[in-house]
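Trainee: In this text, residue positions in the sequence shown follow the working numbering: the first is -19, and each later residue adds one.
One structure, as structure tokens, below. Some questions next.
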Amino acid sequence: MESIDWANMSFGYVKTDYNVRCYYRNGKWGEVEVSSSEYVPMHMAATCLHYGQEAFEGLKAYRGKDGKIRVFRFDENCKRMNNTANGILMPQIPLELFKEVVFKAVKLNERFVPPYGYGATLYIRPLLCGVGPTVGVKPSPEYLFMVFVTPVGPYFKGGFATGDYMIVRDFDRAAPLGTGTYKVGGNYAASLKANKMAHDAGYMSEFYLDAKEKKYIDECGAANFFGIKNNTYVTPKSSSILPSITNKSLQQLAESMGIKVEQRPIAEDELETFEEAGACGTAAVISPIRSIYDSVLNKTYTISKDGKPGPISTKLYERYTAIQFGEAEDIFGWMTVVE
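Written out as structure tokens, the structure reads:
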């Protein structure tokens, strides 16, 4: 543990002591198992390998100012994973089982929860996948639910700072009636090429428009979008967007601060009317947007004129993270202490 530089951690995988697993066989969940292996024995005909029958989640544990470890909104992650499971015909995970596996993984790896004050966190990765042998497109006869954890630093090297995005029109993140509302690996595989193109062009990430009309804003890479104007928090309403728990929480927080919230279609040309904008998700919370470039229109929407995060985005970020690290009262009941 002495070798971990908490102040300069990147966002990536670090080996920890244990992961926790549970198998679904013969129509029921089995006993919770603890493993120190980083590998999963799997049949070569597993449905997750051939037909993409897998789902994952991402949440975090925080060591607070008082030394206590808190997990953020695990119940919402369970709900979203079950929505995904329902969408691709995998078994539901009871909330009690989800909580047991998540909290056991955190507790067993407690020494990897970063100390308070570094901005680092313990990232928690629940995974549900079909592991039974199947040749032919149909659900697996067997499933594995597992959780591993890893300490992480900020998702973006610059931390809470503005970045530039590039609209990609040659790629769709997800179709309106596809798997965009589910957290499945295929959605992320589909974004890899567009993401590389954006990075190679010097942008923080790609920016997607809707697949049907190429007119409305969908997502910022793997994150939800929000814009601020006239004391209103505006975020897209779309049938192909992953329902972000961070976005949902930011909306609650905004309303508690007297900021109006609107969830509706946002046309691309509305970008030039926003006073602030950001990408939001578990990894970075809020990544303020400086500009968004559309190569087809050869137009840049400059949102942050001075290149700095806006006042409302900053206030939302500071209050949000203060709750997560136990610095502010959790008036929403978001945090659960690991006993």
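We put the beta carbon where it would ideally sit given N, CA and C, even for glycine.
This structure is a prediction, so every number in the text was calculated from the model and none was measured.
In this structure, does DSSP put Met320 in helix, strand or coil?
Mentor: Look at the range of the chain in this structure, -19 to 319, and you will see that residue 320 is not part of it.
Trainee: For the beta strand (DSSP E) that Phe206 lies in, which residues bound it at each end?
Mentor: Secondary structure note for Phe206: its beta strand (DSSP E) is the uninterrupted segment Asn204 to Lys209.
Trainee: Looking only at its chain, what residues have a beta carbon closer than 7 angstroms to the beta carbon of Ala(-13), apart from the 5 residues adjacent to it on each side?
Mentor: Sequence-distant partners of Ala(-13) (beyond 5 residues in either direction) whose C-beta falls short of 7 angstroms from its own C-beta, in its chain, are Tyr98.
Trainee: So what does Pro268 bridge to, in DSSP terms?
Mentor: The beta-bridge partner set that DSSP reports for Pro268 consists of Gly258.
Trainee: Using the DSSP secondary-structure output, state which residues sit across from Asp213 in a beta bridge.
Mentor: In the sequence under discussion, the amino acid at residue 213 is Tyr, which differs from the Asp named in the question. Note: Tyr213 sits in a beta bridge opposite Ile208 and Val241.
Trainee: For Val115, which residues of its own chain have a beta-carbon under 8 angstroms away from its beta-carbon, when the five flanking residues on both sides are left out?
Mentor: Hits under 8 angstroms: Ala25 and His30.
Trainee: What are the start and end residues of the alpha helix (DSSP H) that includes Asn62?
Mentor: Asn62 -> alpha helix (DSSP H) spans Phe54 to Gly67.
Trainee: Please list the segments of the alpha helix (DSSP H) lying wholly inside the segment 285 to 318, counting only runs of 4 or more residues, in order along the chain.
Mentor: The segment 285 to 318 contains these whole alpha helix (DSSP H) runs: 291 to 304.
Trainee: Bridge partners for Pro131 per DSSP, in chain order?
Mentor: Leu102
Trainee: Going by CA-CA distance only, name the one from Asn278, Asn210, Ala263 and Thr282 that's closest to Tyr103.
Mentor: Ala263
Trainee: With distances taken between CB atoms, is the gap from Phe(-9) to Pro134 smaller than 8 angstroms?
Mentor: For Phe(-9) and Pro134, yes; Cβs fall inside 8 angstroms.
Trainee: Can the beta-carbon of Cys260 be found closer than 8 angstroms to that of Ser224?
Mentor: yes
Trainee: Could you check which residue in Tyr3, Thr280 and Arg50 has the C-alpha nearest to that of Gly313?
Mentor: Arg50
Trainee: As an exercise, report each continuous beta strand (DSSP E) stretch of at least 3 residues that is fully enclosed by the segment -10 to 30, in chain order.
Mentor: -1 to 5 and 13 to 15
Trainee: For a quick check, are the C-beta atoms of Val276 and Val127 less than 8 angstroms apart?
Mentor: The answer is no: Cβ separation not under 8 angstroms.
Trainee: Mind pulling the alpha helix (DSSP H) runs of 4 or more residues that sit fully within the segment 163 to 197?
Mentor: Taking only runs of at least 4 residues, the alpha helix (DSSP H) segments lying wholly in the segment 163 to 197 are 165 to 169 and 172 to 180.
Trainee: Rounded to the nearest angstrom, how far is the Cβ of Tyr4 from that of Tyr123, given a contact under 8 angstroms?
Mentor: Confirmed, Cβ separation roughly 4 angstroms.
Trainee: Sorted by chain position, which residues of the same chain lie with C-beta nearer than 8 angstroms to Lys194's C-beta, five sequence neighbours on each side aside?
Mentor: Arg149
Trainee: Going by the beta-carbon positions, is the gap between Glu37 and Met61 smaller than 8 angstroms?
Mentor: yes
Trainee: Just to check my reading of the structure: Cys58 and Ile73 have Cβ atoms closer than 8 angstroms, yes? What is that Cβ distance to the nearest angstrom?
Mentor: 6 angstroms
Trainee: Report the partner residues of Met126 according to the DSSP bridge assignment.
Mentor: Arg1 and Leu107
Trainee: Based on the DSSP secondary-structure assignment, which residues constitute the bridge partners of Ala41?
Mentor: Val51 and Leu102
Trainee: Does the distance from the C-beta atom of Phe305 to that of Gly138 stay below 8 angstroms?
Mentor: no
Trainee: Which residues mark the beginning and the end of the beta strand (DSSP E) in which Thr282 is found?
Mentor: Lys279 to Thr282
Trainee: Taking the alpha-carbon of Ala181 as reference, which of Ala155, Tyr273, Gly10 and Met(-11) has the nearest alpha-carbon?
Mentor: Nearest C-alpha to Ala181: Tyr273.
Trainee: Given that a residue counts as buried once 16 or more other Cβ atoms are within 10 Å of its Cβ, and exposed if not, what is Ala202?
Mentor: buried
Trainee: Between the Cα of Glu248 and the Cα atoms of Ser271, Ser17, Phe92 and Asn6, which residue gives the shortest distance?
Mentor: Ser271
Trainee: Can at least three beta-carbon pairs, one atom from the segment 143 to 163 and one from the segment 213 to 232, be found at a separation below 8 angstroms?
Mentor: yes
Trainee: Count the other CB atoms within 10 Å of the CB of Pro298; is the residue buried (16 or more) or exposed (fewer)?
Mentor: Going by the sequence as given, residue 298 is Glu instead of Pro. Counting Cβ neighbours within 10 Å, Glu298 comes out exposed, since fewer than 16 surround it.
Trainee: In chain order, what residues of the same chain have a beta carbon less than 6 angstroms from the beta carbon of Ala234, not counting five sequence neighbours either side?
Mentor: Tyr213 and Val241
Trainee: Give a yes or no on whether the C-beta atoms belonging to Val86 and Ala41 are separated by under 8 angstroms.
Mentor: yes
Trainee: Note down, in chain order, each residue of its chain lying with its Cβ closer than 7 angstroms to the Cβ of Thr253, except the 5 sequence neighbours on either side.
Mentor: Cβ within range, chain order: Lys209.
Trainee: Just the Cα atoms here: how many angstroms apart are Val12 and Val82?
Mentor: 11 angstroms
Trainee: Output the distance between the C-alpha atoms of Tyr96 and Thr130, rounded to the nearest integer angstrom.
Mentor: A straight-line Cα-Cα distance of about 16 angstroms links Tyr96 and Thr130.
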